[in-house]
Amino acid sequence: MRLLITFTAVLAVVSAQTASNRFPDDFMFGAATSAYQIEGAWNEDGKGESIQDNFFHNHPLFILEQNGDVACDSYHKYKEDVQMLKALNADVYRFSISWPRVLPNGDLDVINQAGIDYYNNLINELLANGIQPLVTMYHWDLPQALQYIGGWPNELLADYFVEYARILFENFGDRVKWWITFNEPHQFVEGYSVPWGAPGQRAPGIGDYLATHTVIKAHARVWHLYDEQYRATQNGSVGITLNMDWPEPETNSTEDAEAAERARQFVMGMFGHPIYSKDGDYPAVVRQQVDANSKAEGRPRSRLPTFTQEEIEYIRGTADFFGMNNYNVTFVTPGLRGHNPSKKRDTAVITSAPESLSWGLRKQLNWVATQYPGYPIIITENGHLNLGGRNDTDRIEYYTEYLGAVLEAIYTDGVPVIGYTAWSLMDNVEWNRGFTVTFGLYEVDTSSPNRTRTPKESAGFMAEVFRTKQLPNQYKQ
Ligand code: IFM
């Protein structure tokens, strides 16, 4: 509530301004990472095994060159990471906590003090350098012990997640004011439908929907826990990060427009509608497609579980802000593709290869603001992939265009965007692609045991944008 009031005041000022290349004074800029992708130290100081450790150790062919065993070695080099953020003039650092580093078995039977110390040290170091932590509780590294009992399709996981969240609020909530429960659930529930991502369970159109159901409930319970027991003393905000490569109709036909909207609802609406919409529950088109297909397949129940009315009301409104990730645009048209059954087939669209087009970010921001009015938006990920190199003018161009689109969304369209964290602070383990592609503002030398970090040209560019809260003068609306 506090946040919404503050934000309304900000919006009033913002909309009174004319289009500008300057972001609002209190706009939060920073960079993002995640635990598996940067920490390394996969089995040090009492850390438990995660599904990512387990999956990439057992399926080395699914990852190129290097897995996350050492990654950027941020477990040992976090002080250097903080200095990099400081050099970027970052207001916030979005990082994730590794659940099995804190609770090696996923449960409260073992609380790993070394893990808690690590995150306390990181948080304290950030604050000592004037940088706010923006903390993701879950960026895909489930304790393997919880996968042995079925992982996210098992509804009991919501209990475990709430208990883990309580440990985080108790230990870090005095200093962490921004919490994200889950990063990109649309992506990680895929691990219950395809073989190439952890935990590699092949139950398309079933396992991913069961996992979705648990994740939404777990998110809502953590928000209520914070709201009821911690908000009054800790005074922070809790949200979730949802992603989408903006689906644009391939042509101006009605069929393509409907296909694009269907794709949006299956990707972002699947999680966004129950949590952020006025009515709650899964989007009508998702419910209808999956129910109809399940029936046609001769099943006695829908592959997509249902919420009770009580659950719908409990879940609706469980967020203080909307975390949004966007990188690309895809062009869509109706059509049946993919395994039968599968989420892809239920969505009934054919999707083009993703393309970097900044207007997609602006359209997506507008879509979110229209579908889910009243929530401040933080762009928690956006960034440019290339094959490496410090002379990354392509990345500077990307950021110039995408940040320009954010300015247009704020000033021309009135979308309440309050922050932006670039993906990523440094080159890191890009999941199946290892270090073979890069997103970093800093280069990481993976051939050196020291994992030497060196700023790229884009780091200098972003440091200036973050310092001045302004795009360079050549950008004009
Ligand atoms: O590296 C990933 C991140 O873990 C989740 N969002 C997309 C990024 C780039 O692919």
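Heads up, the numbering used here is the position in the sequence shown plus 17, with the first residue counted as 1.
Backbone N, C-alpha and C fix where the C-beta goes; we use that ideal spot for every residue, glycine too.
Note that the coordinates shown come from a computational prediction; the quantities given were computed from them, not determined experimentally.
Item: How close, in whole Å, do the beta carbons of residue 197 and residue 340 come, if the pair is a contact with beta carbons under 8 Å?; Value: 5 Å
Item: With a threshold of 6 Å (Cβ to nearest heavy atom), would residue 91 be considered close to the ligand IFM?; Value: no
Item: Return helix, strand or coil for residue 259, following the three-state DSSP convention.; Value: strand
Item: Closest to residue 253 by C-alpha separation, out of 440, 149 and 321, would be which residue?; Value: 149
Item: Pairing CB atoms from the stretch 50 to 59 with CB atoms from the stretch 409 to 417, are three or more of them under 8 Å?; Value: no
Item: From the DSSP secondary-structure annotation, give me the bridge partner or partners of residue 347.; Value: 264
Item: I want to know whether the stretch 126 to 133 touches the stretch 59 to 66 - three or more CB-CB distances under 8 Å.; Value: yes
Item: Identify every run of the alpha helix (DSSP H) within the stretch 371 to 399, keeping only runs that are complete inside it and at least 4 residues long; order them along the chain.; Value: 375 to 388
Item: Mind pulling the beta strand (DSSP E) runs of 3 or more residues that sit fully within the stretch 287 to 370?; Value: 338 to 342, 346 to 351 and 366 to 368
Item: Quick test of your reading: residue 317 and residue 347, contact by CB under 8 Å. State the CB separation rounded to the nearest angstrom.; Value: That pair is no contact at about 35 Å.
Item: Can you grab the Cα-Cα spacing for the pair residue 212 / residue 319, in whole Å?; Value: 23 Å
Item: Return helix, strand or coil for residue 27, following the three-state DSSP convention.; Value: Here the model assigns residue 27 a pLDDT of 42, short of 50, so the residue's position is not dependable, and the following value carries that caveat. It is helical.
Item: Considering only heavy atoms of the ligand IFM, does any lie closer than 6 Å to the CB of residue 51?; Value: yes
Item: Can you tell me the Cα-Cα spacing of residue 490 and residue 482, whole angstroms?; Value: 11 Å
Item: Under a three-way DSSP split, which group does residue 211 fall into?; Value: coil
Item: Tell me whether the beta-carbon of residue 356 lies closer than 7 Å to the beta-carbon of residue 216.; Value: no
Item: Find the nearest neighbour of residue 402 within the set 475, 392 and 106, judged by alpha-carbon distance.; Value: 475
Item: Tell me whether residue 398 counts as near the ligand IFM, meaning its Cβ is closer than 6 Å to at least one heavy atom of that ligand.; Value: yes
Item: Have a look at residue 79 and residue 251 and give me their C-alpha separation to the nearest angstrom.; Value: 42 Å
Item: Indicate whether residue 452 and residue 100 have their beta-carbon atoms separated by less than 7 Å.; Value: no
Item: Pop quiz: residue 399 and residue 419 are said to be a contact at Cβ under 8 Å. What is the actual Cβ separation, rounded to whole angstroms?; Value: 6 Å
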